[in-house]
Amino acid sequence: MLEVLRCYKSHVRQSRLLPTAYLRAFWRLKGFDDVRALLSTEDARIRHVKFKRLRKDVRRLEAANSKTITAFKHVLDVAYGRKGKLKRELMEPLLTDPNAALPVRIIPTVESSRPPVYSPELRALLTSSASRPAAVLKSTAMDHPPTLPARADPKSEDARLFGRLSKRREVNIRWRFFVKESRKVHPPLHVAVDSGARIEDVHSAGIRSLPMQGLRAFEDAERHASSPYVPRWIRRRFRGLLDRLPVLHKSQKSQAYSVNLSDHRQTKPRSTVDTDESDVQWLQSTERG
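Residue numbers 12 to 300, in our numbering, belong to the letters of the sequence shown in order.
Given below as structure tokens:
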């Protein structure tokens, strides 16, 4: 008990040293929740695992406050939902579509055999390079996953030769693909419309808001990435974070979702520069040595 208390005090002390109000508040609350969950755990083995995780967080906070880049990146990613529990909470509403009709059961007598539903927001995120570190998906892949064998189509040549694919296996393949690809997405912190990103703007447009809507966490990250009054080292870390913070926007005219990245991010498309004759001569001279 005393060891847990000492570790928690160190966690609070390191949280107070973080450079922004949002990071300080997030990690202070996370430490409190983690300790409360630890103390309420009766299983000794699980309690030990949670305590080791708490100590690891303290070490990472210490390293982040000492300007270790990987540790500070981890602190940012957890606080802004790029990994961990908050990422799952941000993704949860995007994995369902309350306005969509229930898909037809693949196995007529089994309720759980309905295929997954890709919401319009999730489709936009999966098909945009701004929200996926991996290669983007084609829109057709969501209706017919590339991992689904040709035998799933009863009219295919493979189905005629080898028999139709088991419907239970088809259900499993579709859901496995849905879960795997959804986990590759960087979830947005909010959804914006033409009039803005406030909760009132989103509700007046008739679309659902996201869990961090109205908290202005994205605007706070942009401010720390661009303000000349923020230390350069901190600015660079937040610019890197903005590379992983997609902006989900819905056009009120076309009713379509699009995904963009902040203008203050670290990685920007490089503009091409036309070369003139003197540049070509210089390049040729360097090649000749």
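The C-beta atom is built at its ideal place from N, Cα and C for all residues, glycine as well.
Check: Counting only the same chain and skipping the five closest in sequence on each side, list residues whose C-beta sits under 6 Å from that of residue 133.; Outcome: 105
Check: In whole angstroms, what separates the C-alpha of residue 33 from that of residue 277?; Outcome: 21 Å
Check: According to DSSP, is residue 177 part of a helix, a strand, or is it coil?; Outcome: coil
Check: Grouping DSSP H, G and I as helix and E and B as strand, with all else coil, what is residue 167?; Outcome: coil
Check: Mapping the DSSP letters down to three states, classify residue 269 as helix, strand or coil.; Outcome: strand
Check: Considering only their Cβ atoms, is the gap separating residue 136 from residue 196 smaller than 8 Å?; Outcome: yes
Check: How many angstroms separate the CA atom of residue 31 from the CA atom of residue 244?; Outcome: 13 Å
Check: Could you have a look at residue 323 and say whether DSSP puts it in helix, strand or coil?; Outcome: The shown model of the chain, from 12 to 300, leaves out residue 323, and the question about it has no answer.
Check: To test your reading of the DSSP string, which unbroken alpha helix (DSSP H) runs of 4 or more residues are found completely within the segment 106-136?; Outcome: none
Check: Looking at C-alpha atoms only, which residue of 228, 217, 225 and 246 is the closest neighbour of residue 266?; Outcome: 217
Check: Quick check: what's the CA-CA separation for residue 130 versus residue 65?; Outcome: 36 Å
Check: For residue 260, write down the residues that DSSP places opposite it in a beta bridge.; Outcome: 203 and 269
Check: Quick one: does the C-beta of residue 101 sit closer than 7 Å to a heavy atom of the ligand GDP?; Outcome: Annotation note on the ligand GDP: not contained in the displayed structure, which lists no ligands.
Check: Using the C-alpha atoms, what's the distance from residue 81 back to residue 40?; Outcome: 22 Å
Check: Find the nearest neighbour of residue 235 within the set 94, 193, 87 and 194, judged by alpha-carbon distance.; Outcome: 87
Check: Find the nearest neighbour of residue 117 within the set 111, 54 and 126, judged by alpha-carbon distance.; Outcome: 126
Check: Using only CA atoms, which one of 13, 202, 253 and 225 lies nearest to residue 263?; Outcome: 202
Check: What do you reckon, are the CB atoms on residue 162 and residue 179 nearer than 8 Å?; Outcome: no
Check: If contacts are defined as beta-carbon pairs under 8 Å, then residue 221 and residue 101 qualify, I think. What distance do you get, rounded to the angstrom?; Outcome: 7 Å
Check: Helix, strand or coil, according to DSSP, for residue 25 in the structure here?; Outcome: helix
Check: How many Å lie between residue 285 and residue 123 at the Cα?; Outcome: Residue placement at residue 285 is flagged as unreliable, the pLDDT there being 49, under the threshold of 50; a coordinate-derived value is accordingly withheld.
Check: Can you check which of these residues, 210, 255, 45 and 107, is closest to residue 199 by C-alpha distance?; Outcome: 255
Check: Could you please give the first and the last residue of the uninterrupted alpha helix (DSSP H) stretch that includes residue 72?; Outcome: 55-76
Check: Give a yes or no on whether the C-beta atoms belonging to residue 239 and residue 141 are separated by under 8 Å.; Outcome: no
Check: Assuming residue 72 and residue 22 make a contact with CB atoms under 8 Å, what is their CB distance in whole Å?; Outcome: 7 Å
Check: Helix, strand or coil: which one does DSSP assign to residue 34?; Outcome: helix
Check: Considering Cα atoms alone, identify which of 115, 215, 38 and 204 is closest to residue 270.; Outcome: 204
Check: Taking the alpha carbon of residue 111 as the reference point, which residue from 272, 172, 188 and 128 has its own alpha carbon closest?; Outcome: 128
Check: Leaving aside the five residues before and after residue 26 along the sequence, list all residues of the same chain whose C-beta is less than 7 Å from its C-beta, in chain order.; Outcome: 35, 38, 39, 42 and 72
Check: Cβ atoms of residue 184 and residue 148: under 8 Å apart, would you say?; Outcome: no
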